[in-house]
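2 protein chains.
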Amino acid sequence: MTDSAPSDFARRSAEINDLLCVLNVLTWDARTQMPPGGSATRGGQMATISALARERTLDPAFEEAARAADGDPAAAQALEAIAALRRVPEALTRDLATLKTEAQEVWARARAASDYAVFAPLLGRMVDLNRHLADALGYADHPYDALLNLYEPGLTLRTLSPLFERLRAHHVPLLRQIQTRPEPRTDILRRHYPAAAQKAFSLAAAQRFGYDTLRGRLDESAHPFEISFTRNDVRITTRFQENFLSGALFGTLHETGHALYEQGIDPGLTRTVLASDLTGLYAVGGASYGTHESQSRLWENRIGRSRAYWERHYAALQGAFPEQLADVDLDTFHRAVNAVRPSLIRVEADELTYDLHIMLRVELERALIGGELDVADLPAAWNARVKADLGLDVPDDARGVLQDIHWSSGLFGSFPTYTVGNVMASQFYDAAHAALPDLEAQLAAGEYAPLREWLTEHIYRHGRTFTPHELLVRATGRGLDPQPYLRYLTDKFTGLYDLAPQESHA
Amino acid sequence: MTDSAPSDFARRSAEINDLLCVLNVLTWDARTQMPPGGSATRGGQMATISALARERTLDPAFEEAARAADGDPAAAQALEAIAALRRVPEALTRDLATLKTEAQEVWARARAASDYAVFAPLLGRMVDLNRHLADALGYADHPYDALLNLYEPGLTLRTLSPLFERLRAHHVPLLRQIQTRPEPRTDILRRHYPAAAQKAFSLAAAQRFGYDTLRGRLDESAHPFEISFTRNDVRITTRFQENFLSGALFGTLHETGHALYEQGIDPGLTRTVLASDLTGLYAVGGASYGTHESQSRLWENRIGRSRAYWERHYAALQGAFPEQLADVDLDTFHRAVNAVRPSLIRVEADELTYDLHIMLRVELERALIGGELDVADLPAAWNARVKADLGLDVPDDARGVLQDIHWSSGLFGSFPTYTVGNVMASQFYDAAHAALPDLEAQLAAGEYAPLREWLTEHIYRHGRTFTPHELLVRATGRGLDPQPYLRYLTDKFTGLYDLAPQESHA
Numbered sequence: 001m002t003d004s005a006p007s008d009f010a011r012r013s014a015e016i017n018d019l020l021c022v023l024n025v026l027t028w029d030a031r032t033q034m035p036p037g038g039s040a041t042r043g044g045q046m047a048t049i050s051a052l053a054r055e056r057t058l059d060p061a062f063e064e065a066a067r068a069a070d071g072d073p074a075a076a077q078a079l080e081a082i083a084a085l086r087r088v089p090e091a092l093t094r095d096l097a098t099l100k101t102e103a104q105e106v107w108a109r110a111r112a113a114s115d116y117a118v119f120a121p122l123l124g125r126m127v128d129l130n131r132h133l134a135d136a137l138g139y140a141d142h143p144y145d146a147l148l149n150l151y152e153p154g155l156t157l158r159t160l161s162p163l164f165e166r167l168r169a170h171h172v173p174l175l176r177q178i179q180t181r182p183e184p185r186t187d188i189l190r191r192h193y194p195a196a197a198q199k200a201f202s203l204a205a206a207q208r209f210g211y212d213t214l215r216g217r218l219d220e221s222a223h224p225f226e227i228s229f230t231r232n233d234v235r236i237t238t239r240f241q242e243n244f245l246s247g248a249l250f251g252t253l254h255e256t257g258h259a260l261y262e263q264g265i266d267p268g269l270t271r272t273v274l275a276s277d278l279t280g281l282y283a284v285g286g287a288s289y290g291t292h293e294s295q296s297r298l299w300e301n302r303i304g305r306s307r308a309y310w311e312r313h314y315a316a317l318q319g320a321f322p323e324q325l326a327d328v329d330l331d332t333f334h335r336a337v338n339a340v341r342p343s344l345i346r347v348e349a350d351e352l353t354y355d356l357h358i359m360l361r362v363e364l365e366r367a368l369i370g371g372e373l374d375v376a377d378l379p380a381a382w383n384a385r386v387k388a389d390l391g392l393d394v395p396d397d398a399r400g401v402l403q404d405i406h407w408s409s410g411l412f413g414s415f416p417t418y419t420v421g422n423v424m425a426s427q428f429y430d431a432a433h434a435a436l437p438d439l440e441a442q443l444a445a446g447e448y449a450p451l452r453e454w455l456t457e458h459i460y461r462h463g464r465t466f467t468p469h470e471l472l473v474r475a476t477g478r479g480l481d482p483q484p485y486l487r488y489l490t491d492k493f494t495g496l497y498d499l500a501p502q503e504s505h506a
Numbered sequence: 001m002t003d004s005a006p007s008d009f010a011r012r013s014a015e016i017n018d019l020l021c022v023l024n025v026l027t028w029d030a031r032t033q034m035p036p037g038g039s040a041t042r043g044g045q046m047a048t049i050s051a052l053a054r055e056r057t058l059d060p061a062f063e064e065a066a067r068a069a070d071g072d073p074a075a076a077q078a079l080e081a082i083a084a085l086r087r088v089p090e091a092l093t094r095d096l097a098t099l100k101t102e103a104q105e106v107w108a109r110a111r112a113a114s115d116y117a118v119f120a121p122l123l124g125r126m127v128d129l130n131r132h133l134a135d136a137l138g139y140a141d142h143p144y145d146a147l148l149n150l151y152e153p154g155l156t157l158r159t160l161s162p163l164f165e166r167l168r169a170h171h172v173p174l175l176r177q178i179q180t181r182p183e184p185r186t187d188i189l190r191r192h193y194p195a196a197a198q199k200a201f202s203l204a205a206a207q208r209f210g211y212d213t214l215r216g217r218l219d220e221s222a223h224p225f226e227i228s229f230t231r232n233d234v235r236i237t238t239r240f241q242e243n244f245l246s247g248a249l250f251g252t253l254h255e256t257g258h259a260l261y262e263q264g265i266d267p268g269l270t271r272t273v274l275a276s277d278l279t280g281l282y283a284v285g286g287a288s289y290g291t292h293e294s295q296s297r298l299w300e301n302r303i304g305r306s307r308a309y310w311e312r313h314y315a316a317l318q319g320a321f322p323e324q325l326a327d328v329d330l331d332t333f334h335r336a337v338n339a340v341r342p343s344l345i346r347v348e349a350d351e352l353t354y355d356l357h358i359m360l361r362v363e364l365e366r367a368l369i370g371g372e373l374d375v376a377d378l379p380a381a382w383n384a385r386v387k388a389d390l391g392l393d394v395p396d397d398a399r400g401v402l403q404d405i406h407w408s409s410g411l412f413g414s415f416p417t418y419t420v421g422n423v424m425a426s427q428f429y430d431a432a433h434a435a436l437p438d439l440e441a442q443l444a445a446g447e448y449a450p451l452r453e454w455l456t457e458h459i460y461r462h463g464r465t466f467t468p469h470e471l472l473v474r475a476t477g478r479g480l481d482p483q484p485y486l487r488y489l490t491d492k493f494t495g496l497y498d499l500a501p502q503e504s505h506a
C-alpha cells in the first residue's frame with residue numbers, strides 16, 4: 001500500500017461516507033428548503049441512499065478490506081459497526097422505519113387533540129420493536145443498555161442511574177430554594193424583536209465563537225439543528241420568533257457548539273470511517289450524542305449565558321435593539337436569560353429544570369423497555385413525576401406525555417445524552433480552565449480562540465477515533481463525573497438568586 | 001407479476017431514478033446554497049452517486065429485468081440506454097470528467113485574461129476526447145451526429161444543416177432591414193429596479209403561467225437554471241440585476257417553461273425510466289434538450305414578450321415599479337423588451353439574433369469535431385462569422401470565442417438544441433392554436449390554463465415516452481419544420497418595426 005494510492009478499505013470507506021453525507025444533504029434540504037409536495041418522493045430517495053449505505057457496509061468485500069487494513073485505526077471501528085449492523089435483522093430495520101412513519105403521523109394527530117388513547121397502540125408497538133432491537137443488539141444487564149449504547153457507546157444504566165440520582169438530589173432542593181426567592185423579570189425577552197436583526201446578531205455571535213461561514217451557513221427551520229456533509233460544509237438552523245428574543249439567540253449558540261465540533265474534525269479524517277457512524281444513526285462525525293451535546297451546552301450555557309459574555313456583548317445587543325432594550329440594564333438582562341422556573345414543556349425549560357425533564361423521560365422509557373411499566377399507565381406515571389420533581393399539575397397530555405417527538409420516532413435511549421452532555425461540558429470546561437490560566441480573562445475580553453483551540457485539540461479533531469469514555473479520560477483525567485457540573489450550577493444560581501451557601505448539594 | 005408488487009425492473013428503475021434525482025439535489029444545492037468550502041468534498045459525493053447510477057444501470061441483473069419486463073414500455077428505452085452506456089469505455093468517461101474540471105478552470109482564467117492561447121491546448125484535448133466519444137457512440141455520416149444524438153435523439157446534420165441554412169437566409173436579411181429603422185428605447189430597462197420587487201413580480205408571473213410552488217421554489221444563482229427531483233419538486237433559479245429589469249423577469253419566465261414541462265409529467269411515470277435519462281446526461285424528465293427548450297422559449301418569448309401579455313399585465317408591472325415606469329407607456333415598454341440589436345454576447349442576444357449566435361457555434365463545433373477546422377484557427381473563424389452575420393468586429397476573445405462555458409465542459413452537440421427549441425416552440429404553438437379556437441382571447445384575458453393543459457396533454461405528460469420526432473409528429477402532424485417559426489418572427493418584427501411586408505423570408 002503506498003501513500004498515493006488509497007487502499008481498498010479507504011476507497012470503500014470514502015464511498016460509504018459519501019452516501020451518509022448525501023443523506024444529510026437530503027435531510028437538510030427536506031427540513032429547510034423542500035416544497036411540501038416533494039416529501040413523498042424525497043422519502044423514496046432517502047430510503048434508496050440508506051439502503052445503499054447499508055449494502056456497501058455489509059458487503060463482504062468491505063469486511064475483507066477492513067481486515068486487510070491492519071495499519072488503519074479506522075478498521076477496528078468499521079468491523080464493530082459491521083457486526084452491529086449484522087445483528088439487526090433487515091426485517092426489523094424495515095419494520096421500525098415503517099412504524100416510525102405511521103407513528104409520527106398518529107402522534108402528531110394525538111398531540112393536536114391531546115388524546116393519548118389515539119397514540120397508545122402505536123407506542124405499544126414501538127416499545128415492542130425496540131425491545132426486539134435491544135435483544136438483537138445484545139446486552140448484559142438491562143435491555144435499555146443496548147439502546148443507550150447506540151447513542152452513547154459504552155454507557156449503561158449501572159453508571160447512569162446513580163449519576164442521575166445524584167443530579168436529582170442536587171437539582172430538586174436547589175430548585176425549591178430558588179423558588180423561595182423573587183422571580184426575575186422575563187417579560188423583557190417577550191418584546192418585539194424583528195427577525196432580521198435577530199439573525200444578524202446571532203450569526204455574528206456564532207462567527208465570534210469561531211463558526212466558519214466559508215464552511216457553513218445559517219438557515220431557518222421549524223426545529224433548529226446542526227448537520228454536516230463533511231467538515232467542509234457544516235450547516236446550522238434556527239427559528240426566529242419575533243416575540244421571543246432568547247429562542248433564536250441561544251438556539252444559534254447551541255447549534256454553533258455542535259458546528260464547532262464538526263468543523264474542528266481533523267481534515268485527515270474526511271471521508272473516513274472516523275468521521276461518520278456506519279450504522280447510519282449519526283448525522284455527526286463526533287464521538288457520541290452526549291459528547292456532541294456537551295459542546296452545544298458548553299457554548300450555549302457555560303459561555304453564552306455567562307456574566308462575562310454579556311458584560312462584553314450586551315452593548316452590541318442593545319445597539320441591535322435600541323428601543324426594546326433601552327430600559328433594561330445588564331444585570332436585569334443577565335438574570336432574565338438565566339431565570340429558573342419549572343414549566344411543563346422540556347424545550348422551553350431553563351438550564352436547571354431541563355435535567356429534571358430528561359431524567360423523568362429516561363426513567364419512564366427505561367421502565368417501558370424493561371417491561372416494568374405498561375403503556376396504558378404511562379400518562380399517570382408521567383404526571384406523578386412532574387408533580388414530584390417540578391411541583392406542577394399536568395393539565396392535558398399535549399403538555400405532558402405527548403409533547404416530544406422522540407418515542408414516535410423510535411428514539412429510545414437518546415434522552416440521557418442531553419444530561420450526559422451537560423455533565424461532560426463542565427468536565428471539559430474545568431479541564432480547559434486548568435490548562436489555560438488566562439481563560440477567564442480571555443473570555444472576558446471576547447477572545448474565544450484559546451478555548452476553541454483547546455477543545456479542538458482534545459475533542460473535536462479526533463472525530464470518532466475514541467469512545468466518549470476514552471475521550472473524557474484523555475481530556476480530563478476522569479470518566480463521567482457530575483461534580484464539576486453540580487458545582488457550576490450551585491455557584492451560578494447561588495449568585496444569581498442570592499441564595500444561602502449550598503455546600504451540601506455539590 | 002401483480003399490480004401491487006413492483007416488478008424487479010420497476011424496482012431497479014426506481015433506484016436508478018432516485019440516484020439521478022439525488023444527483024440533481026446535490027447540483028442544485030451546490031449552485032444555490034453551498035458555502036465555498038464545500039466544493040471539493042461535494043465533488044467526491046457527486047462522483048460517488050454518479051458511479052453508483054452507472055453501476056446499477058450496467059448491472060447485468062438490470063438488463064435481464066428489462067428483458068423480462070415485456071409489457072413495460074420503459075424496458076426498450078432502458079435497454080437502449082444500457083447499450084449506449086456500454087459503448088463508452090469507462091476510461092473515456094473518467095478522462096472526460098477529469099479534463100472537464102481542468103478545462104473549466106483554465107477556461108475561466110483564459111476568459112478573464114482574454115487570452116485564447118492559454119485555453120487552446122485544453123480545447124484541443126477536449127475536441128480529441130469528444131471525437132473518441134463520437135467514435136465510441138457510433139454514427140453513419142458525421143461524428144458530430146453521434147454527439148448531437150446525446151441531446152436531441154434522432155437528429156442529424158442531414159436534417160439540421162438545411163434547416164439552419166434556411167434560418168440564416170431568413171434572419172440575416174430581416175436583421176438588415178430592422179437595422180434601417182430607428183432603434184427603440186431600451187434605456188428604460190436599465191433604471192434602478194429593486195431586487196425584492198423584481199422577485200415578487202417574477203414569481204407571481206411564474207405562478208400565473210401555472211408554476212406550482214407547492215412542488216417548486218424560486219431561488220437565486222449566478223446562472224439561472226431549472227432542475228427537478230421528480231415532478232413533485234421542480235425548482236427554478238434566476239439572477240436579479242438591479243440595473244436591468246428584463247434579465248430576471250424573462251429569465252424567470254424561461255425557467256418556468258422548463259418547470260411546467262417537468263411538473264406536467266404524468267404522475268405514473270414518477271421513478272421510472274420514462275422520467276429520467278439513464279445515461280445521466282439529462283437533469284430533466286422531458287424528451288430532449290430541444291423539446292425542453294421549446295417550452296422555455298414558448299413561455300418566455302411567444303407568450304411573455306407578446307403584445308397581449310403586456311396589455312394584460314403592464315399595469316401590474318407599473319404598480320410594482322411606479323417611479324421607474326411612470327413615464328413609460330405600454331407601447332414603449334413592449335418595443336423595449338423586443339428590441340433587436342446585434343451584440344457580441346450570446347446570453348444577452350435578442351430573439352432574432354440569438355439563432356445567429358447558435359448557428360455560428362454549431363458550424364464551428366461541427367468543423368472541429370469533423371477535423372475540418374483546427375483549434376488554432378478557431379478565433380479567426382469565429383470573428384469572421386460574427387462579422388458576416390452580425391456585422392460586428394470582435395474586440396477581444398473574451399467577448400468572442402471564449403465567452404461560453406460549453407466547450408470547456410465538453411458539451412459538443414448541445415448548442416443546436418437552443419434553435420431547434422425555437423423552431424419546435426412555434427410548431428407546438430400553432431398546433432395548440434388550431435386546436436383551441438379561443439386561444440388568443442384566453443391569452444388576452446390572462447388565462448393560461450387552456451394552453452398549458454394542451455401542452456401537458458400533448459407534450460409534458462409523456463415524459464421520455466416518445467422521441468422528439470415522434471412527439472412532434474403526434475402533436476403537430478409534422479416533423480421539424482421551420483415554417484411556423486419564420487412566419488412568427490417575420491410577422492412580429494414587421495409589426496414592431498413597421499417594415500415593408502416580408503413575404504419572401506417566410
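Quick mapping for you: the protein sequence lines, in order, are chains A and B.
Residues 1 to 506 (the numbering used here) are what the first sequence spells out, left to right.
Residues 1 to 506 (the numbering used here) are what the second sequence spells out, left to right.
Every residue, glycine too, gets a C-beta built ideally from N, C-alpha and C.
With contacts defined by Cβ atoms closer than 8 Å, L163 (chain B) and P482 (chain B) form a contacting pair. The beta-carbon of T98 (chain A) is placed no less than 8 Å from the nearest beta-carbon of chain B. In the three-state DSSP reduction, I265 (chain B) falls in the coil class, being neither helix nor strand. Assignment of beta-bridge partners to Q241 (chain B) by DSSP yields B:F244. Taking N149 (chain B) as the centre and dropping the five residues before and after it, the same chain places the C-beta of L137, Y139, L155, T156 and G413 closer than 8 Å to its C-beta, in chain order. Membership of G44 (chain B) in any beta strand (DSSP E) is not indicated; the residue belongs instead to the alpha helix (DSSP H) covering S39 to L58. Close CB contacts of H132 (chain B) within its chain, under the 8 Å cut and outside five residues either way in sequence, are with L92 (chain order).
Burial of S246 (chain A) is indicated by the presence of at least 16 other C-beta atoms within 10 angstroms of its C-beta. Beta-bridge partners assigned by DSSP to D135 (chain B): none are found. Per DSSP, G371 (chain B) has no beta bridge partner at all. E220 (chain A) is bridged by DSSP to A:T238.
For S228 (chain B), the uninterrupted beta strand (DSSP E) segment begins and ends at E226 to S228. Of B:E64, B:T456 and B:R176, the smallest CA-CA separation from R341 (chain B) is found for B:R176. Proximity of G371 (chain A) to chain B, defined by a Cβ-Cβ separation below 8 Å, is not satisfied.
In the structure shown, I459 (chain B) adopts coil according to DSSP, grouped into three states. The beta carbon of L214 (chain A) sits closer than 8 Å to some beta carbon of chain B. Given a length threshold of 4 residues, each whole run of the alpha helix (DSSP H) inside the region 283-370 of chain B is given here in chain order: 289-297, 307-320, 330-336 and 353-370.
DSSP, read as helix, strand or coil, puts R271 (chain A) in coil. C-alpha of I178 (chain A) to C-alpha of V337 (chain A): approximately 15 Å in a straight line. Only residues of its own chain outside the window of five on either side were considered, and among them H254, G257 and H258 have a CB closer than 6 Å to the CB of S296 (chain B), listed in chain order.
The beta carbons of V420 (chain B) and G290 (chain B) sit closer together than 8 Å.
In this structure, B:L489 is the residue among B:Q77, B:R54, B:L489 and B:G495 with its C-alpha nearest to the C-alpha of N301 (chain B).
Bounds of the alpha helix (DSSP H) holding A431 (chain A) are P416 to A435. Within chain A, the C-beta atoms nearer than 7 Å to that of T270 (chain B) come from T41, in chain order. Counting only the Cα atoms, R399 (chain B) lies some 39 Å from T32 (chain A). For H170 (chain A), the enclosing alpha helix (DSSP H) has its first and last residue at L157 to I178. About 31 Å separates the beta carbon of T417 (chain B) from that of Y193 (chain B), a gap too long to meet the 8 Å contact definition. By alpha-carbon distance to D212 (chain B), the top candidate from A:Q442, A:K387 and A:G38 is A:G38. One thing to note: L274 (chain A) has its Cβ within 8 Å of the Cβ of G463 (chain A).
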